[in-house]
Amino acid sequence: MTIRYDVFVADPIPLNVDEPVPNGDRRAFSPLSVTLISGQQDAVLADPPLTTAQAEQVAAWIEASGKRLTHIFATHGHGDHWFTAGLLADRFGAEVVASAGTIAQMHRNVAIRSGFWDKLLPGQIPDAPVTATTPVGNRLTLEGHELRIVEVGHSDTDDTSVLHVPDLGLVVAGDVIYNGVHQFLVESKDGGRDAWRKAIDTVEALHPGRIVAGHKNKDLDDDAGRTITQTREYLDTVDELLTRHATAIGFFDSMLERFPTRLNPGALWGGAVALYA
13 MTIRYDVFVA DPIPLNVDEP VPNGDRRAFS PLSVTLISGQ QDAVLADPPL TTAQAEQVAA
73 WIEASGKRLT HIFATHGHGD HWFTAGLLAD RFGAEVVASA GTIAQMHRNV AIRSGFWDKL
133 LPGQIPDAPV TATTPVGNRL TLEGHELRIV EVGHSDTDDT SVLHVPDLGL VVAGDVIYNG
193 VHQFLVESKD GGRDAWRKAI DTVEALHPGR IVAGHKNKDL DDDAGRTITQ TREYLDTVDE
253 LLTRHATAIG FFDSMLERFP TRLNPGALWG GAVALYA
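Using the working numbering, the first residue of the sequence shown is number 13, and each one after it goes up by one.
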């Protein structure tokens, strides 16, 4: 039996924020990667998207695959990686799964939803009760192939995990690894970036050939070596430039100079404000 993976990248969506990014961009949510791992008949979905409209696009994509969706997996608790899990689970009769730590963070994101997520995207996010359970041994099986949930600790948020598919040489990395998109730095203070580096080390130790980043430029490939190196380089540059600049705008401008092709400078600006708060 053979398995494969495919990636749907949901395009950036504008946020309900009037103030532009200092470089003039409108504030937007970064592109989101949704991964379908499929066998001959069945499939597992990793990291369902954020909005109802995005979920409709993903549902049509799943239906076009002709596969029976058995499980929906979330890498971490940020709502953009699971708020439509229940909607898609009901539609396809699938089970929502996550690590125990991720489930705890899901509850935290539900608690802050009205003051954060719904303000950014009013009326666009479906009801999202936490229905995920943790599979025995953090393992799933897809037509005889093992899918392993690997807990990696803090990356761009707490209690994150990745999905390792050894038979594909694949890691679905959520926000541990980024691919051509500015990284979310808001939760990277107080040792957060060092913890993130340890999470990257854990992913690298799995020896993947391909990595699906939770936020990726859809024009880029999934080469594991490149994406690991570039995610580390970004964090190292953050550490360097924080020592050189006294203000968030100085840091922001220098990061843009270093990474001019990364998507969504608004994500970088949000991180800069938080780091200099």
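Glycine included, C-beta positions come from ideal geometry on N, C-alpha and C.
Spatially closest choice to residue i from the options, by CA coordinates
i: Asp235; options: Val183, Gly135, Trp73 and Arg16; result: Val183
i: Val21; options: Ser45, Val33 and Val29; result: Ser45
i: Arg125; options: Ala116, Ile115 and Ile137; result: Ile137
i: Gly278; options: Leu132, Gln66 and Val148; result: Leu132
i: Gln53; options: Pro178, Arg209 and Ser77; result: Ser77
i: Asp102; options: His83, Pro147, Gly91 and Phe128; result: His83
i: Thr96; options: Arg80, Ala71, Leu81 and Ala112; result: Ala71
i: Gly51; options: Leu159, Ser111 and Glu199; result: Leu159
i: Asp59; options: Ala284, Val162, Trp208 and Val174; result: Val174
i: Leu180; options: Val188, Val198 and His157; result: His157
i: Gly149; options: Asp187, Arg39 and Val109; result: Val109
i: Thr14; options: Trp73, Ser111, Glu155 and Leu253; result: Glu155
Span of the beta strand (DSSP E), counted from its first residue to its last, around residue i
i: His83; result: Arg80 to Phe85
i: Val108; result: Glu107 to Val109
i: Ala225; result: Arg222 to Lys228
Spatial neighbours of residue i in its chain, beta-carbon cut-off 7 Å, leaving aside the 5 residues before and after
i: Gly89; result: Thr114, Gln117, Met118, Arg120, Asn121, Thr169 and Asp171
Endpoints, alpha helix (DSSP H) assigned at residue i
i: Phe20; result: Careful: Phe20 lies outside any alpha helix (DSSP H), inside the beta strand (DSSP E) at Arg16 to Ala22.
i: Gly192; result: Per DSSP, Gly192 belongs to no alpha helix (DSSP H) and is neither H nor E.
Three-state secondary structure (DSSP) of residue i
i: His93; result: helix
i: Asp187; result: strand
i: Pro178; result: helix
i: Asp40; result: Reading off the sequence shown, one finds Ala at residue 40, where the question assumed Asp. If DSSP states are grouped into helix, strand and coil, Ala40 belongs with the strands.
i: Trp77; result: One point to set straight first is that residue 77 is Ser, not Trp, in the sequence displayed. Of the three classes helix, strand and coil, the one that applies to Ser77 here is helix, per DSSP.
i: Leu57; result: strand
i: Leu275; result: strand
i: Asp235; result: strand
i: Ser45; result: strand
Own chain partners of residue i with C-beta closer than 8 Å, once the 5 adjacent residues on each side are dropped
i: Val193; result: Ser42, Pro43, Ala225, His227, Lys228, Asn229, Arg274, Leu275, Asn276 and Ala279
Cut-off 6 Å between Cβ atoms - residues of its own chain near residue i, not counting five sequence neighbours on either side
i: Gly91; result: Asn121 and Trp129
* Mind listing, in chain order, the continuous alpha helix (DSSP H) runs of no fewer than 4 residues lying wholly within the region 115 to 168? => Listed in chain order, the complete alpha helix (DSSP H) runs (minimum 4 residues) inside the region 115 to 168 are 129 to 132.
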